[in-house]
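S.K.:
Shown next as structure tokens:
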């Protein structure tokens with residue numbers, strides 16, 4: 234009676250494994266600035282709660298496997314406004330962006346197949362790859378050029394006969410990088426040339442700070458047949474706990490396969506879809522106000538990080554993350570130490586160690602990811618704490 | 234650019250694939266008695282909606298991957314009352330019973346491994362087996378003995394070196410059979426003897442009509458280390474759309490593996506867990522009233538089925554399903570015909586064809602599953618329609 238190989242292969246979440254130490258620090262009375270997880274402090278819009286109060290039917294029944302029609306219509310309208318012509322019939326509502334990624338992997342890859350991913354990457358891609366018994370093949374990006382793409386040849390050199398797809402995530406978690414139109418075009422070109430799918434994770438679409446909408450993979454009509462877009466309400470509307478996402482594709486075979494996978498799990502949560510319908514009615518003012526707030530936080534946190542001697546980081550162009558190279562050699566230990574040993578005036582800061590965002594062994598060990606999901610003042614204080622902590626950590630021995 | 238083998242292997246839901254015909258029949262003005270899907274008409278208790286109205290926090294944030302503490306506590310108390318001593322730390326909240334089954338498969342089986350299942354079985358087991366690339370090995374039960382277990386040797390003859398687990402589902406979907414204490418004991422004994430896990434799907438626990446609580450696999454302490462219990466609020470509280478289930482196990486390795494799988498998908502829906510806490514406060518009166526209602530329906534539907542010449546069925550002991558052998562040779566076609574061709578006074582009935590509940594090719598082709606999820610009067614009328622339909626169908630040619 235053994236565990237499966239997958240059960241052994243799947244690592245504890247590098248973001249969540251610090252939880253026990255966090256609890257202890259809290260019990261000891263420390264205040265912790267949590268920059269370790271992409272959980273925004275911004276309130277979920279009231280429209281969501283209002284729908285839950287007023288619109289639920291007396292029997293909370295199974296909905297359609299592809300999601301309730303009003304919500305698929307709302308998501309379709311949202312896409313159309315952005316110039317991305319997904320019809321409701323091309324949109325599959327999923328249990329978070331998480332399930333959308335998993336279903337995409339299931340639909341396009343066999344056990345043992347390969348999917349190219351740029352590292353550092355959203356750690357849960359690895360979890361879903363384990364679910365689906367698929368191998369993620371990393372293409373390493375560099376802090377020094379702001380985690381932008383390497384030359385196409387370098388990406389193409391990773392393609393084997395087992396390669397089925399490239400994952401594009403822009404604006405990026407964990408780097409905050411927004412790929413330029415040219416970069417997304419390069420990925421589209423590689424996918425077409427080598428007959429690959431592109432899984433395009435666009436959940437941070439509204440979080441870009443140069444005033445332009447980030448380029449969607451759907452800007453390239455020549456890859457509409459091989460593009461699978463992943464989306465979610467979690468970050469856009471600060472509704473992470475709702476677990477409502479979607480997968481959209483113009484490839485009818487992929488759509489039908491994903492629908493069949495979806496039928497096995499019956500449906501996404503009904504009530505939270507009804508709440509989500511109302512979120513998509515909020516419009517541009519809402520997005521603008523949230524974007525402005527995050528931009529302010531980014532500017533504050535970046536300015537403070539520049540004050541830490543020996544730190545390497547790049548002004549993030551989007552999302553609400555920044556990868557930071559520290560002048561220490563074991564960020565895993567440092568992240569623990571912040572909770573167990575460090576405090577200043579009863580306060581400390583929680584960060585996500587970088588290694589968990591890399592597939593290549595040894596990469597990211599001197600990096601951390603910060604999520605600027607607290608108000609600007611708190612971000613400032615947290616980064617100042619980080620500065621003190623780095624100095625104190627280096628002076629330890 | 235091909236679809237994966239799994240995308241090809243996963244069949245459309247046999248229950249949901251009649252949907253387009255249903256829509257057409259509806260558009261044509263037919264009233265349809267839906268006995269094809271286990272979607273109860275009973276109202277979700279008000280306590281659930283009240284929690285959603287009153288208790289949600291301003292930020293609908295990620296919860297713990299294993300579920301929120303108040304809900305795990307509530308589920309633990311529920312189990313303890315039943316004499317099943319699961320602590321909150323042994324309970325993992327999942328996105329429906331669906332995810333609990335999938336995580337169980339992932340944790341205990343490698344791609345290509347085998348899991349023994351009694352057929353007819355809950356069709357979605359097959360979907361999750363495809364997700365996990367695991368083979369379900371069917372042990373066929375017979376309508377003639379009420380879908381009870383065959384001799385142990387027959388079950389044991391299916392065990393190979395690739396067998397990792399046996400699925401026990403009692404009260405059963407789709408047969409309505411409740412395994413006796415002896416039968417569950419036989420399965421426990423086989424599991425222990427052959428070093429297998431038992432995945433015990435007990436979501437219909439309260440739906441048993443002989444006045445006794447069905448025997449849980451946890452009644453057998455000798456298999457506590459190898460038992461994985463699947464549970465859900467969907468049927469118990471008529472909250473199918475909430476997508477809240479749980480997996481419980483006293484095997485710490487399995488629990489930790491499932492927790493790691495759960496971390497990849499972050500968490501189950503937060504709001505609906507808060508609603509579910511209140512459901513577990515309802516107590517025995519609630520269960521008794523629901524049970525009485527279903528027993529009334531069962532009695533009505535069974536009495537009417539007995540009036541159909543050539544029908545073979547067995548009084549179901551639990552759940553709210555019955556497998557019915559009809560005097561026709563293609564229940565798939567019959568189920569379609571009910572929607573496309575048949576009506577009486579503008580009404581027809583929708584049933585689930587039996588073949589989809591079997592892994593063995595050719596089995597169940599003359600069977601249907603009925604879910605008695607409508608009020609007794611409607612069940613009666615629906616079954617009378619079925620009688621007319623069978624007669625008319627047989628007289629067609």
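Residue numbers (the working numbering), protein chains in the order written: chain A, 234 to 630; chain B, 234 to 630.
Ideal Cβ positions, reconstructed from N, Cα and C, are used throughout, including at glycine.
Since the structure is predicted, the reported quantities are computational estimates derived from the model, not experimental observations.
Report the rounded CA-to-CA distance for residue 294 of chain B versus residue 466 of chain B, giving the unit in angstroms.
M.R.: Rounded to whole angstroms, residue 294 of chain B to residue 466 of chain B spans 22 Å at the Cα level.
S.K.: Could you tell me how far apart the beta carbons of residue 451 of chain B and residue 441 of chain B are, in whole angstroms, since I believe they sit closer than 8 Å?
M.R.: About 16 Å separates the two Cβ atoms, so there is no contact after all.
S.K.: For residue 534 of chain A, which residues in the same chain have their Cβ closer than 6 Å to its Cβ, ignoring the five residues on either side in sequence?
M.R.: Answer for residue 534 of chain A: 605, 612 and 616, listed in chain order.
S.K.: With residue 219 of chain A as the anchor, note down where its beta strand (DSSP E) starts and where it stops.
M.R.: Shown here, chain A extends from 234 to 630; a query on residue 219 of chain A therefore has no answer.
S.K.: Here's the rule: buried if 16 or more other CB atoms are within 10 angstroms of the residue's CB, otherwise exposed. What is residue 397 of chain B?
M.R.: Buried.
S.K.: Considering only residues of the segment 527-596 of chain A, which uninterrupted beta strand (DSSP E) runs meet the minimum length of 3 residues and lie entirely inside it, listed in chain order?
M.R.: Entirely contained in the segment 527-596 of chain A, the beta strand (DSSP E) runs reaching 3 residues are, in chain order, 554-558 and 580-583.
S.K.: Answer with yes or no whether the minimum CB distance from residue 471 of chain A to chain B is below 8 Å.
M.R.: Chain B, which has a Cβ nearer than 8 Å to the Cβ of residue 471 of chain A, makes this yes.
S.K.: What is the DSSP secondary structure of residue 601 of chain B, counted as helix, strand or coil?
M.R.: It is a strand residue.
S.K.: State yes or no: is the beta carbon of residue 426 of chain B nearer than 8 Å to at least one beta carbon in chain A?
M.R.: Output row for residue 426 of chain B: interface = no.
S.K.: Excluding sequence positions up to five away, which residues of its chain have a Cβ less than 7 Å from the Cβ of residue 570 of chain B?
M.R.: Excluding positions up to five away in sequence, the list reads 626.
S.K.: Less than 8 Å between the beta carbons of residue 564 of chain A and residue 509 of chain A, yes or no?
M.R.: Contact flag unset, no.
S.K.: For residue 325 of chain A, which beta-bridge partners are listed by DSSP?
M.R.: A:480.
S.K.: Using CA coordinates, which residue listed in B:335, B:550 and B:365 is at the minimum distance from residue 445 of chain B?
M.R.: Minimum Cα distance to residue 445 of chain B is reached at B:550.
S.K.: Return the bridge partner residues of residue 349 of chain A from the DSSP annotation.
M.R.: According to DSSP, residue 349 of chain A bridges with A:370 and A:399.
S.K.: Find the nearest neighbour of residue 262 of chain A within the set A:603, A:620, A:590 and A:578, judged by alpha-carbon distance.
M.R.: Checked all of A:603, A:620, A:590 and A:578; the closest Cα to residue 262 of chain A is A:578.
S.K.: Confirm, please, whether the CB-CB distance from residue 504 of chain B to residue 285 of chain A is below 8 Å.
M.R.: Yes, these two residues count as a Cβ contact at 8 Å.
S.K.: Just the chain B side, please: which residues come within less than 7 Å of residue 479 of chain A by C-beta, in chain order?
M.R.: Simply none; closest approach about 15 Å.
S.K.: Pop quiz: residue 421 of chain A and residue 240 of chain B are said to be a contact at Cβ under 8 Å. What is the actual Cβ separation, rounded to whole angstroms?
M.R.: Wrong, their Cβ atoms sit about 23 Å apart, outside the cutoff.
S.K.: Got a sec: which bits of the segment 402-427 of chain A sit with their beta carbon under 7 Å from any beta carbon on chain B, in order along the chain?
M.R.: Within the segment 402-427 of chain A, no residue has a Cβ that lies closer than 7 Å to any Cβ of chain B.
S.K.: Would you kindly check if the distance between the Cβ of residue 346 of chain B and the Cβ of residue 363 of chain B is under 8 Å?
M.R.: No.
S.K.: Just confirm the distance between the C-beta atoms of residue 434 of chain A and residue 402 of chain A, as a whole number of angstroms; I'd bet it's less than 8 Å.
M.R.: That pair is a contact at about 4 Å.
S.K.: Is the Cβ-Cβ distance between residue 310 of chain A and residue 481 of chain A less than 8 Å?
M.R.: Contact flag unset, no.
S.K.: Going along the chain, which residues of its own chain have a beta-carbon closer than 8 Å to the beta-carbon of residue 382 of chain A, five neighbours each way excluded?
M.R.: The answer, listed in chain order, is 351, 374, 388, 412, 416, 419 and 420.
S.K.: In its own chain, which residues sit with a C-beta less than 8 Å from the C-beta of residue 561 of chain A, not counting the 5 before and 5 after it?
M.R.: Same-chain partners within the cutoff: 567, 599, 623, 626 and 627.
S.K.: Distance cutoff 8 Å, beta carbons only. Does residue 565 of chain A sit that close to anything in chain D?
M.R.: Among the chains of the structure shown, chain D does not appear; the protein chains present are A and B.
S.K.: Please report whether the beta-carbon of residue 393 of chain A lies at a distance below 8 Å from any beta-carbon of chain B.
M.R.: No - not a single Cβ of chain B is within 8 Å of the one on residue 393 of chain A.
S.K.: Note down, in chain order, every chain A residue with its Cβ under 8 Å from the Cβ of residue 612 of chain B.
M.R.: Chain A residues near residue 612 of chain B: none, gap ~17 Å exceeds 8 Å.
S.K.: Between residue 290 of chain B and residue 539 of chain B, what straight-line distance do the alpha-carbon atoms span, to the nearest angstrom?
M.R.: Taking the straight line from one Cα to the other gives about 53 Å.
S.K.: Would residue 485 of chain A pass as a contact of residue 327 of chain A if the rule is Cβ separation under 8 Å?
M.R.: Against a cut-off of 8 Å, the Cβ pair of residue 327 of chain A and residue 485 of chain A comes out as no contact.
S.K.: Would you grab the beta carbon distance between residue 244 of chain B and residue 344 of chain A for me? Rounded to a whole angstrom, and I think it's under 8 Å.
M.R.: No, residue 244 of chain B and residue 344 of chain A are not in contact; Cβ-Cβ is about 19 Å, not under 8 Å.
S.K.: Do you know how far the Cα of residue 353 of chain B is from the Cα of residue 372 of chain B?
M.R.: Cα to Cα, the separation comes out at about 9 Å.
S.K.: With DSSP collapsed to three states, give me the class of residue 609 of chain B.
M.R.: In the structure shown, residue 609 of chain B sits in a helix (DSSP, three-state: H, G or I).
S.K.: Checking contacts by CB at 8 Å: is residue 511 of chain A closer than that to chain B?
M.R.: Cβ-Cβ to chain B under 8 Å: no for residue 511 of chain A.
S.K.: Is the distance from the Cβ of residue 457 of chain A to the Cβ of residue 426 of chain A below 8 Å?
M.R.: Not a contact, by the Cβ cut-off of 8 Å.
S.K.: So for residue 462 of chain A, helix, strand or coil by DSSP?
M.R.: It is a strand residue.
S.K.: Would you grab the beta carbon distance between residue 356 of chain B and residue 273 of chain B for me? Rounded to a whole angstrom, and I think it's under 8 Å.
M.R.: At roughly 18 Å, the Cβ-Cβ gap does not stay under 8 Å, so residue 356 of chain B and residue 273 of chain B are not in contact.
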